[in-house]
């Protein structure tokens, strides 16, 4: 099946995708309001975590259901399937590499799914706050 839009239109659509999602911003705003100070999308850290606190060795990734091929909500595009299968498989593989890297280095790593945030933002923020607090106590 062919794509319904031109290559140039597809290119513009893909360029419009930002590295920080609205979900990430909502989660980080709640954590900031709870008093946690962190960096967002720190390029100096492997895998560019969505939220990081180097002092406590904490990294948090908020994984999109589409880009990280969620088993529950991830969907495969109908066109250009060969490309998308490779792309999404590589994303999952990279997630495993990044997770293994941080675990090996003794960091506290947490991955949450987009659908967790959408289902209950407050609960997710509270879980992350507890996760950060645990790491903070461990570092003391």
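In my numbering, the protein residues as written are 61 to 200. All C-beta atoms, glycine included, are put in the ideal place defined by N, C-alpha and C. None of these values were measured; they are calculated from a predicted model.
Neighbour-count burial assignment, residue i, 16 or more Cβ in a 10 Å radius
i	result
residue 61	Any answer about residue 61 is weak, because its pLDDT of 48 lies below 50 and its placement is not dependable; what the coordinates show is given next. With fewer than 16 Cβ atoms within 10 Å of its Cβ, residue 61 is classed as exposed.
residue 143	exposed
residue 106	exposed
residue 212	No answer is possible for residue 212: it lies beyond the span of the chain, which begins at 61 and ends at 200.
residue 123	buried
Start and end residues, beta strand (DSSP E) containing residue i
i	result
residue 112	111–113
residue 171	168–173
Proximal residues to residue i (C-beta, below 8 Å), its chain only, five neighbours per side dropped
i	result
residue 64	139
residue 91	98, 111, 185, 188, 189, 192
For residue j and residue i, the rounded distance between their alpha carbons
i	j	result
residue 145	residue 200	44 Å
residue 76	residue 94	31 Å
residue 85	residue 129	21 Å
residue 121	residue 81	12 Å
Endpoints, alpha helix (DSSP H) assigned at residue i
i	result
residue 192	181–199
residue 131	Segment: none, residue 131 is in no alpha helix (DSSP H) and carries neither H nor E.
residue 73	67–75
Own chain, CB closer than 6 Å to residue i, minus 5 neighbours either side, in chain order
i	result
residue 115	none
residue 68	none
Residues near residue i in its chain [Cβ-Cβ closer than 7 Å; skip 5 each side]
i	result
residue 169	119, 159, 162, 163
residue 194	none
residue 88	100, 111
Collapsed DSSP secondary structure at residue i in the structure displayed
i	result
residue 152	helix
residue 97	coil
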